[in-house]
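First up is the structure itself, then whatever we jot down about it.
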Amino acid sequence: MPAAAVTDAGIFAADTLLVPVDALWKICSSVPPPFWVFWLPIYPWGCIVMPFAYEEAPDDNGAMLYRRYWSLRYFDSVNGDFQLCDLNDQLGRSTRILCNKQLVGTVFGQVECLASSQGHVAVLTSERQLYWWSSDDTGWKPQHHNYALSNDDLLEYGRKKWATREYERDEWQKLQKLTEQAPKECNLGYGLQFCKGSELYYHLDLTYQDGTIHASCCILPTDEKPRVIHLSIL
C-alpha cells in the first residue's frame, strides 16, 4: 500500500483507536472497570489535542503500533521530521530512514533506539548494529567508526581509575584476570545519547568465559577509537 495513501489516516487511527485499544487490552485485567470505562472515551480527545508522535525514542507503544499495522513511523527531532519505513526485500528486513523527506540511509533490521542532535543522527537496530550519520549542505553522510573496545582499552581505563585506589583493587584484579583472554562476545547494549552536540554515548557488553564487562563509551566524529567512561564487572 503506498505510504502517501495511509500516512495521515494511519497516524490518526493509531492515535485515536489502536493505541487506546491496545492499552485497554493490557490494563483491563489488572485494574477495576471504572478506571478504563472513564479513561477510554477521553483518551482519543487527548490524542487530538496533543499529537502523539512527539517522542524521539521509536520503541514506545505508539511506534510499535505504527510499525505493526502500516510499517510507518513519524517523530520530531532537532533535525526535523524523521520517518522510518519498514522494507522487505530479497536481503531480508530493513528500515529506510528519512529526515524531512530526504534519505538518511537504510539499515538492516528494525530500529530499536535512536538519538539525534543538530546535524547528527544515530540508530541501534534489532541486529545490535550501530549506524551514525552527519549532515552538511550536500545531505546525510555515514560516519565510519569502530565502536568495539580492545582489552588494552579496558586495561588503560583500569590503570587510571582502579589501580591506584585501594578500595578498587579487587575490581582491578578482576579486570586483569578477565582480559587475559579474548572476549567470547562483544555486543552493543541498549541506549544511545548525544551529549555536547556531536559526542555519541553508547554501551557495550563484553562476555568472557569467567564473567561479563559492561562498558559505557563515548566517541566524537574525529576520534579514531571510543573512550571508556565507566566500567562494571558482573
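Quick note on numbering: this note's numbering labels position 206 of the sequence shown as 395, and the sequence is numbered without any gaps. Cβ atoms here follow ideal geometry from the backbone N, Cα and C, with glycine treated the same way. The structure displayed is predicted, hence computed values, not measured ones.
Range of the contiguous beta strand (DSSP E) that encloses residue i
i	result
D394	388-397
N376	374-384
G400	400-408
L292	291-297
P314	Reading off the sequence shown, one finds Thr at residue 314, where the question assumed Pro. Here the beta strand (DSSP E) through T314 covers 309-314.
Same chain, Cβ closer than 8 Å to residue i, neighbours up to 5 away in sequence not counted
i	result
C406	Y336, L338, Y390, Y391, H392, L393, P415, R416, V417, I418
Y379	E301, C302, L313, H392
Neighbourhood of residue i by C-beta, 7 Å cutoff - its chain only, sequence neighbours within 5 removed
i	result
Y346	V417, L420
A375	The sequence shown places Cys at residue 375, not Ala. Taken in chain order, the residues that qualify are A337, L393, L395.
Residue i vs residue j beta-carbon contact at 8 Å
i	j	result
C302	V312	yes
H334	I408	yes
Host alpha helix (DSSP H) of residue i (start-end)
i	result
Q365	358-367
K330	Premise fails: K330 lies in the beta strand (DSSP E), 328-331, not in any alpha helix (DSSP H).
D325	Where D325 is concerned, there is no enclosing alpha helix (DSSP H), although the beta strand (DSSP E) it sits in stretches over 319-325.
G347	340-350
Any non-hydrogen atom of the ligand SAH closer than 7 Å to residue i Cβ
i	result
L292	In terms of ligand content, the structure shown is empty, and the ligand SAH therefore cannot be addressed.
Same chain only: Cβ atoms within 6 Å of residue i, ignoring 5 sequence neighbours per side
i	result
N250	Unreliable placement is indicated for N250, whose pLDDT of 38 sits below 50; the coordinate value is still reported in the next sentence. Around N250: no qualifying Cβ.
A304	A311, L381, Q382, F383
Residue i, buried or exposed, once every other Cβ within 10 Å from all chains shown has been counted against 16
i	result
N268	buried
L377	buried
Q299	buried
P372	buried
Y320	buried
T284	buried
> Would you say the stretch 365-374 touches the stretch 272-291, given that touching needs at least three Cβ pairs under 8 Å?
Replying inline: Contact fails: fewer than three Cβ-Cβ distances are below 8 Å.
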